[in-house]
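K.L.:
Protein chains: 4
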Amino acid sequence: MSKLKIIPTDLLGEATYNSPLKGKISRFYNGEAVACCDRTQDLGGLENVADIEYFELAGPREKLYFNPAEVTVGIVTCGGLCPGLNDVIRALTFCALESYGVKRVLGFKYGYEGLVAKYYHYPIELTADNTDEIHEKGGTILKTSRGQQDTEEIIDTLVHYGVNILFTIGGDGTQRGARDIVEGVKRRNLPISVVGIPKTIDNDINLIQRSFGFETAVEATWDIITSAHSEAKASRNGVGLVRFMGRESGWIAASATLANSNVNFCLVPEIPFELHGENGFLAHLKERLRDKEHAVVVVAEGAGQELFEGKKGADKSGNKKLNDIGLLLKDEIKDYFKAEGMEVNIKYFDPSYSIRSRRADANDSMYCLQLGSNAVHAAMAGHTNMIVGLHHDRLIHLPINLIGERKVIDPQSWFWQTVLQATHQPTAMVNA
Amino acid sequence: MSKLKIIPTDLLGEATYNSPLKGKISRFYNGEAVACCDRTQDLGGLENVADIEYFELAGPREKLYFNPAEVTVGIVTCGGLCPGLNDVIRALTFCALESYGVKRVLGFKYGYEGLVAKYYHYPIELTADNTDEIHEKGGTILKTSRGQQDTEEIIDTLVHYGVNILFTIGGDGTQRGARDIVEGVKRRNLPISVVGIPKTIDNDINLIQRSFGFETAVEATWDIITSAHSEAKASRNGVGLVRFMGRESGWIAASATLANSNVNFCLVPEIPFELHGENGFLAHLKERLRDKEHAVVVVAEGAGQELFEGKKGADKSGNKKLNDIGLLLKDEIKDYFKAEGMEVNIKYFDPSYSIRSRRADANDSMYCLQLGSNAVHAAMAGHTNMIVGLHHDRLIHLPINLIGERKVIDPQSWFWQTVLQATHQPTAMVNA
Amino acid sequence: MSKLKIIPTDLLGEATYNSPLKGKISRFYNGEAVACCDRTQDLGGLENVADIEYFELAGPREKLYFNPAEVTVGIVTCGGLCPGLNDVIRALTFCALESYGVKRVLGFKYGYEGLVAKYYHYPIELTADNTDEIHEKGGTILKTSRGQQDTEEIIDTLVHYGVNILFTIGGDGTQRGARDIVEGVKRRNLPISVVGIPKTIDNDINLIQRSFGFETAVEATWDIITSAHSEAKASRNGVGLVRFMGRESGWIAASATLANSNVNFCLVPEIPFELHGENGFLAHLKERLRDKEHAVVVVAEGAGQELFEGKKGADKSGNKKLNDIGLLLKDEIKDYFKAEGMEVNIKYFDPSYSIRSRRADANDSMYCLQLGSNAVHAAMAGHTNMIVGLHHDRLIHLPINLIGERKVIDPQSWFWQTVLQATHQPTAMVNA
Amino acid sequence: MSKLKIIPTDLLGEATYNSPLKGKISRFYNGEAVACCDRTQDLGGLENVADIEYFELAGPREKLYFNPAEVTVGIVTCGGLCPGLNDVIRALTFCALESYGVKRVLGFKYGYEGLVAKYYHYPIELTADNTDEIHEKGGTILKTSRGQQDTEEIIDTLVHYGVNILFTIGGDGTQRGARDIVEGVKRRNLPISVVGIPKTIDNDINLIQRSFGFETAVEATWDIITSAHSEAKASRNGVGLVRFMGRESGWIAASATLANSNVNFCLVPEIPFELHGENGFLAHLKERLRDKEHAVVVVAEGAGQELFEGKKGADKSGNKKLNDIGLLLKDEIKDYFKAEGMEVNIKYFDPSYSIRSRRADANDSMYCLQLGSNAVHAAMAGHTNMIVGLHHDRLIHLPINLIGERKVIDPQSWFWQTVLQATHQPTAMVNA
């Protein structure tokens with residue numbers, strides 16, 4: 000009989016306190032396995048099951064490492080906005096205070112800056128009262144900033160305020176910072192847990208099925224593409240050009256394309272394309288316009304970055320404006336059709352800020368509630384150096400160091416094939 | 000080394016034709032396993048993995064049972080409306096015609112009635128043109144009806160129109176009907192595939208993670224509950240009473256409650272409750288009104304059915320009006336507070352028709368696209384007597400006969416515990 | 000030369016204080032005339048202009064009756080909910096405090112009850128801070144109740160709290176109550192101004208072009224009718240039956256019909272109709288179903304009240320349930336088609352509470368801002384016994400006693416003719 | 000007795016045919032006056048009424064100039080998109096075909112280009128069937144283009160297709176073109192009526208109370224400003240900068256500001272401002288950020304054009320990019336705060352295309368229906384050289400040549416004062 004191989008997450012020590020949830024719920028999760036980890040199974044099929052790895056299932060634990068009455072929780076939000084940030088803050092606060100009865104919850108402001116004394120951003124105390132309605136608005140009440148801060152100074156702040164558990168809501172940079180804090184905390188031998196709630200509107204965290212805010216973002220693309228289509232159809236050779244989020248993966252752009260049938264070209268980072276030549280994007284766009292007199296083009300912000308390499312004036316440090324694929328396409332389309340002597344009417348849409356600052360839709364709101372409360376369950380039981388997330392439809396604990404490469408679209412998958420069929424765009428827009 | 004145990008679906012025969020998708024996509028699915036079936040694993044954890052069962056992964060097959068050029072596809076929609084019906088019809092039509100190049104696609108109208116000659120509902124031919132924009136509206140262009148029809152007459156119609164593949168979009172009654180057709184077809188030794196796309200806005204199909212339209216429905220509850228809350232707060236002892244869908248399970252009601260923090264009582268079929276007595280619902284409602292002067296109550300249509308048993312005048316055949324838990328609650332609340340000499344202002348909301356007739360949200364729209372095209376993949380490869388659906392975040396083939404008991408809320412789960420915490424309602428409203 | 004004849008509103012006395020707005024705005028309104036009053040001109044054309052009457056234009060006055068520093072303002076909301084109530088409360092508060100610098104603003108709770116000591120509803124102090132975001136939600140933060148209270152007790156409360164200006168937000172009953180307060184105040188010779196902001200979601204106040212919340216309500220009908228249409232089309236002889244607000248006039252129902260082209264019958268209080276007989280509604284509905292197999296019927300709640308007269312069991316005091324025209328139609332349609340042996344599938348929609356509890360749309364929000372601030376301008380200048388409103392696109396002062404008969408739809412007007420053309424319904428559904 | 004002075008519109012000749020509406024409606028409009036024209040009355044008040052001018056009231060006439068059975072109607076849409084274009088096309092088509100029974104309705108494509116033979120844009124025949132659902136989408140099914148075309152060639156096309164009535168849907172350029180066509184038609188002595196439906200999303204047509212699409216646009220600003228506010232509040236010294244439409248007037252920007260209370264600076268073309276200096280915009284922005292750490296700035300596209308005059312590289316022909324006030328502000332704010340050594344985080348929103356391509360909201364949809372049908376009434380009665388529009392809440396006929404200067408915001412009005420109070424921005428941001 001083969002034994003299950005479970006991928007464990009770090010524990011601060013033995014869990015000895017009884018959960019205050021005892022008596023309220025009959026079902027606790029004590030290290031059960033969860034559906035197979037994608038690293039071992041997935042695509043190829045399995046001939047045997049001896050080596051299948053499993054993740055820990057998230058959920059309330061019967062025994063806690065921390066004595067709730069002595070716990071101070073810290074929360075920080077980092078990086079760009081994403082629908083659901085306030086939902087997660089609220090869920091963490093409510094679960095910590097109302098389910099576990101912790102001593103207090105502190106919100107550190109302006110991302111990791113708020114954890115460094117020299118910025119003078121004092122934390123605010125979060126309560127059920129002052130977080131009760133925050134999820135009805137977008138943004139983050141804790142405010143945010145980009146970039147790392149000195150790990151030792153951060154730990155000094157945690158010690159200063161007596162923080163036992165730190166929740167880091169942010170992208171992979173933020174979670175790398177969280178891992179650094181874990182290591183620093185270990186070096187100092189401090190009983191502090193650090194649990195991350197991964198945030199990426201691009202939905203490209205490896206092993207995580209969907210990140211919060213992603214569905215809200217996809218929902219928001221619908222109206223924009225419908226507008227781009229109306230604009231394109233209204234003028235001769237009208238081109239509705241829409242840039243969506245997606246730095247290294249095209250999930251939003253591709254999902255938007257599948258959800259709204261009016262897209263004719265979907266350009267994503269995973270599929271390189273050329274602008275010029277017989278089989279370049281521009282020639283195909285021309286063909287489409289000749290045929291239908293209008294076109295809708297959706298492009299992920301990270302698509303076509305290879306097109307900037309040879310461009311005069313583009314330097315390695317990356318002039319932001321030049322690297323804007325949306326504006327590049329807009330200019331190139333104009334120039335190309337001018338040279339071809341063909342009228343073209345481009346309408347350019349860049350709705351990213353409008354999308355990421357929305358409040359979470361109902362389904363994301365619910366997901367955030369689950370992420371937040373399960374992050375609290377994990378930390379109270381002493382888990383650390385991990386994030387929570389959905390994997391094969393189950394909430395799991397994922398060791399931070401497993402967040403490695405990004406989840407990207409496989410060009411050979413049926414998912415991308417469906418995009419090709421929806422758009423009727425060529426499989427590859429490159430010249431031999 | 001343990002071998003994987005896969006739960007197979009029926010096949011009409013050997014798949015000998017090459018898929019026309021060959022060359023377009025490099026990755027085919029040829030009976031690979033998928034993450035563990037819930038029947039064996041799930042909650043308890045597994046000590047060994049010898050007996051884990053797996054489902055077939057959905058996806059395009061390299062070899063087909065049918066020669067596409069000779070295939071006539073039939074589609075039928077049955078039962079109540081659900082967001083996404085038109086999306087599924089469109090996805091089936093597009094995949095069959097554009098990906099596989101089948102001969103033709105016929106839409107049978109008014110549910111199973113359309114497959115019975117005596118109703119004179121002639122089928123309509125579905126094309127890429129006449130289905131291109133149907134998903135922009137709710138409802139079903141094929142129209143629908145309830146109830147079964149004679150299986151033999153249905154098969155006569157399939158033979159009459161030369162239908163090789165029938166797609167049945169409907170709930171469990173519809174899929175039971177599909178199974179009967181499969182059996183009849185076998186008896187006559189006909190090479191006809193029947194593949195179901197399960198439809199239940201209640202999201203209660205066993206083993207299926209979410210059914211299409213469910214997320215759209217939950218999204219739609221947000222505004223209604225917000226309205227109920229505004230009404231309740233505006234008058235003294237205001238009660239916003241909302242009835243949502245959910246005949247045998249409370250997924251919509253509970254999800255709506257988690258997504259919108261203003262609900263004070265969530266009543267679902269899974270948790271029986273009493274109206275009267277010290278620990279009955281009405282006493283708790285009174286306490287809430289005394290404390291806050293307003294309350295929002297959400298009730299699934301199937302909740303509290305046990306309350307009708309003892310009621311005078313209620314007969315076994317079930318007078319629909321009497322069994323309406325929403326109206327019952329409305330009347331009981333009125334009577335109770337009148338007797339208590341306490342003012343109460345009830346505002347009753349019954350938005351079911353408005354919700355189920357909406358167009359699918361973007362995420363459901365995408366899901367429908369995947370359900371539809373994977374149903375076509377399965378049928379073209381000769382699979383039959385099965386449905387497609389999402390299971391642990393993977394699209395699978397599920398033998399129809401595995402649709403057994405419904406998926407219901409476990410009162411001891413963290414999910415329901417979260418509802419209790421969100422509402423602050425008592426764990427049980429029954430008297431000892 | 001003919002002189003203008005202006006319809007004046009009551010003044011408490013001479014305006015002697017300089018407006019604090021002096022220096023900020025250069026344009027004050029000192030009793031200028033405004034476009035002709037509908038009572039004299041309008042439809043028939045005018046042969047001469049000697050007798051045209053004009054209303055006072057609303058707007059900030061240069062001289063005030065009240066010394067702002069000594070003013071206490073009271074606000075009360077009465078009757079049913081309407082989008083924009085919170086906007087008006089906020090506008091009154093902001094204009095009084097920030098533009099004029101009054102001493103304080105008191106919100107009386109639960110309608111006129113809040114102005115009667117025996118109910119123990121203590122007023123709350125309204126500030127820029129606690130009203131800043133109230134317009135982002137529907138309902139009324141001041142809560143509301145129906146019905147009149149004793150005028151003398153109300154005046155006692157005004158005196159008790161030192162209220163100099165009372166703003167009454169409510170329908171014609173509320174404004175009649177306001178007039179009673181004015182008279183009582185006069186009898187006691189008190190320098191208290193009472194200014195009304197008329198509220199009727201039905202949009203049927205005579206001389207007032209549109210009441211706040213009406214446009215928001217019409218906007219909200221769109222989705223409901225679209226749902227009703229989807230439901231109707233999806234089943235054989237499907238009837239989507241929608242009841243909208245409109246007790247004595249059909250403005251919402253008729254506007255909804257014009258805004259959404261899918262309505263086949265629009266029934267309003269102004270146009271009596273019969274159910275039975277050759278030219279009755281049911282015969283025409285049958286004809287429509289025979290022809291198209293589905294129909295959408297929109298009915299204002301006050302339509303067809305004459306149908307209840309002869310009905311058994313209906314008494315003069317008006318059994319509410321029996322007088323519900325929506326439910327009556329639902330039952331009558333069922334019975335009729337059962338008798339005719341024709342299948343019919345009715346889906347009934349009653350969305351009134353969902354509509355009236357919404358937050359105001361942007362345009363209504365702006366209108367409320369103008370209504371509120373102009374009510375303050377009027378009261379500060381000593382005007383009383385009046386309401387503010389839009390008349391021929393200008394904000395005016397209207398003496399309360401001019402609110403007489405309701406504004407109703409003229410069946411001979413082009414407006415109604417457009418409804419007839421949009422629905423193709425018969426001009427009259429009565430038998431000779 | 001003073002006689003009314005009515006401002007007449009041109010008539011092609013005597014109206015001799017009976018309207019087919021006779022018998023359907025009892026009320027016709029035969030040249031009645033309408034509420035006073037703004038040119039004479041309005042602001043200053045009137046001492047006497049002898050010289051008041053009135054406009055013709057729109058509406059169905061009893062006698063027609065044209066014999067409906069012989070009429071061919073032409074429709075053309077010109078210039079940028081605006082919500083409601085399809086509604087107007089549909090209303091014209093329905094009223095012409097169904098109310099009057101005209102012979103046919105032709106839609107000329109791509110604006111005035113479609114009326115010039117050399118572009119080979121053949122007209123399409125519009126019917127009740129092919130226009131029935133067009134108003135459910137934004138854009139214009141007739142497509143559009145900018146710019147004038149040769150008047151004589153246009154008239155040649157009208158003659159070629161036998162067009163008796165031409166409806167021109169477009170802005171003031173389009174209506175000037177319409178006037179040229181009227182003059183050409185007169186010179187050739189042709190019995191062709193030209194009636195305009197004025198289109199300007201900026202709402203700045205003189206004498207016209209509101210243009211169609213404006214309210215829809217204002218409604219659409221709400222979410223954008225809410226997003227800008229969320230973004231601004233989320234980062235230190237966050238600035239949400241939003242550019243709205245408004246070339247020569249700031250109605251959308253100012254209305255958006257009044258409808259959403261989160262705007263701190265509203266910049267419009269009517270109020271010049273300086274960037275630098277003690278009282279310049281940037282100094283005030285700095286003060287706001289010092290105080291609150293975030294700001295929302297709304298700017299109409301035509302605001303601050305005087306700022307480009309002195310700028311290096313700006314030429315008289317007007318480099319479009321340089322004249323983009325949104326981008327200028329974005330750059331200037333960045334530079335200024337960099338020089339000040341103060342962090343600033345700007346999020347720029349340019350949602351114009353998303354707004355103008357939306358479908359009309361319900362209220363605009365209704366207004367378009369009225370505009371379209373009243374344009375048909377006017378033309379059928381022989382009126383020409385005019386536009387239809389709402390004036391003091393009444394639909395009137397306005398001679399094209401009265402469309403002169405634009406309607407702009409009066410900085411001294413209460414309307415603008417309300418904006419100042421809502422934003423707390425200085426009355427003037429210019430240095431002495």
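Chains as they are written, first to last, in numbering that gives the first Met the number 0: chain A, 0 to 431; chain B, 0 to 431; chain C, 0 to 431; chain D, 0 to 431. Beta carbons are placed, not taken as given, at the ideal position from N, Cα and C, and that holds for glycine.
Using a Cβ-Cβ cut-off of less than 8 Å, list which residues of the region 339-350 of chain C approach chain F; keep chain order.
P.N.:
The structure shown contains no chain F; its protein chains are A, B, C and D.
K.L.:
Could you say which of B:248, B:173 and B:251 lies nearest to residue 110 of chain B if we only look at CA atoms?
P.N.:
Of the listed residues, the one whose Cα sits closest to residue 110 of chain B is B:173.
K.L.:
Is there contact between the region 266-275 of chain A and the region 361-376 of chain A, where contact requires at least three CB pairs shorter than 8 Å?
P.N.:
Taking 8 Å as the limit for Cβ pairs, the verdict is that the region 361-376 of chain A does not touch the region 266-275 of chain A.
K.L.:
Name the chain D residues that come within less than 7 Å of residue 416 of chain C, Cβ to Cβ?
P.N.:
23 and 24, listed in chain order.
K.L.:
Can you name, in chain order, every residue of its own chain whose Cβ lies under 6 Å from the Cβ of residue 227 of chain B, other than the five neighbours on each side?
P.N.:
Cβ within range, chain order: 239, 241, 295 and 348.
K.L.:
Going straight from the alpha carbon of residue 259 of chain A to that of residue 222 of chain A, what length do you get?
P.N.:
Distance between the alpha carbons of residue 259 of chain A and residue 222 of chain A: 9 Å.
K.L.:
Under 9 Å, do residue 230 of chain D and residue 78 of chain A count as touching if we go by C-beta distance?
P.N.:
Taking 9 Å as the Cβ cut-off, residue 230 of chain D and residue 78 of chain A do not qualify as a contacting pair.
K.L.:
How would you list, in chain order, the residues of chain B whose beta-carbon sits under 8 Å from the beta-carbon of residue 169 of chain C?
P.N.:
Ordered by position in chain B, no residue passes the 8 Å Cβ test against residue 169 of chain C, which lies about 13 Å from the chain.
K.L.:
Looking at C-alpha atoms only, which residue of C:147, C:189 and C:281 is the closest neighbour of residue 176 of chain C?
P.N.:
Ranking the options by Cα distance to residue 176 of chain C, first place goes to C:147.
K.L.:
Just the chain A side, please: which residues come within less than 7 Å of residue 352 of chain D by C-beta, in chain order?
P.N.:
Those within 7 Å of residue 352 of chain D in chain A are 226, 230, 346 and 348.
K.L.:
Rounding to the nearest angstrom, what Cα-Cα distance links residue 293 of chain C and residue 80 of chain B in this structure?
P.N.:
So the alpha carbons of these two residues sit roughly 15 Å apart.
K.L.:
Determine the contact status of residue 324 of chain D and residue 219 of chain D, defining contact as a CB-CB distance below 9 Å.
P.N.:
Taking 9 Å as the Cβ cut-off, residue 324 of chain D and residue 219 of chain D do not qualify as a contacting pair.
K.L.:
Between residue 99 of chain B and residue 58 of chain B, is the Cβ-Cβ spacing less than 9 Å?
P.N.:
No. Outside cutoff.
K.L.:
Which bits of chain C does residue 137 of chain B rub up against, with CB to CB less than 8 Å?
P.N.:
Per Cβ cutoff of 8 Å: 225, 226 and 229.
K.L.:
Can you name the start and end residues of the alpha helix (DSSP H) that residue 183 of chain A belongs to?
P.N.:
Where residue 183 of chain A is concerned, the enclosing alpha helix (DSSP H) stretches over 171-186.
K.L.:
Listing by chain order, which chain C residues have their CB less than 9 Å from the CB of residue 382 of chain D?
P.N.:
Chain C residues near residue 382 of chain D: none, gap ~16 Å exceeds 9 Å.
K.L.:
Cβ of residue 10 of chain B within 9 Å of Cβ of residue 381 of chain B?
P.N.:
In this structure, residue 381 of chain B lies closer than 9 Å to residue 10 of chain B by Cβ.
K.L.:
Among C:248, C:275 and C:360, whose alpha-carbon lies nearest the alpha-carbon of residue 300 of chain C?
P.N.:
Of the listed residues, the one whose Cα sits closest to residue 300 of chain C is C:248.
K.L.:
Comparing C-alpha positions only, which one of C:302, C:190 and C:194 sits nearest to residue 244 of chain C?
P.N.:
If we check each option's Cα against that of residue 244 of chain C, C:302 comes out closest.
K.L.:
Indicate whether at least one CB of chain B lies closer than 9 Å to the CB of residue 93 of chain A.
P.N.:
Cβ-Cβ to chain B under 9 Å: yes for residue 93 of chain A.
K.L.:
Classify residue 187 of chain A as buried or exposed, calling it buried when 16 or more other Cβ atoms lie within 10 Å of its own Cβ.
P.N.:
Counting Cβ neighbours within 10 Å, residue 187 of chain A comes out exposed, since fewer than 16 surround it.
K.L.:
Could you name the residues of the region 67-85 of chain C whose beta carbon sits closer than 8 Å to any beta carbon of chain B, in the order they occur along the chain?
P.N.:
Answer set for the region 67-85 of chain C: 80.
K.L.:
Between the region 353-369 of chain D and chain A, which residues of the former have CB atoms less than 7 Å from a CB of the latter, in chain order?
P.N.:
Answer set for the region 353-369 of chain D: 353, 356 and 357.
K.L.:
So residue 84 of chain B and residue 92 of chain B are in contact, right, with Cβ under 8 Å, and what is the actual spacing, rounded?
P.N.:
About 13 Å separates the two Cβ atoms, so there is no contact after all.
K.L.:
Straight-line CA distance for residue 298 of chain A to residue 131 of chain C?
P.N.:
Rounded to the nearest angstrom, the two C-alpha atoms are 40 Å apart.
K.L.:
What residue range is occupied by the uninterrupted alpha helix (DSSP H) comprising residue 275 of chain D?
P.N.:
Per DSSP, residue 275 of chain D belongs to no alpha helix (DSSP H) and is neither H nor E.
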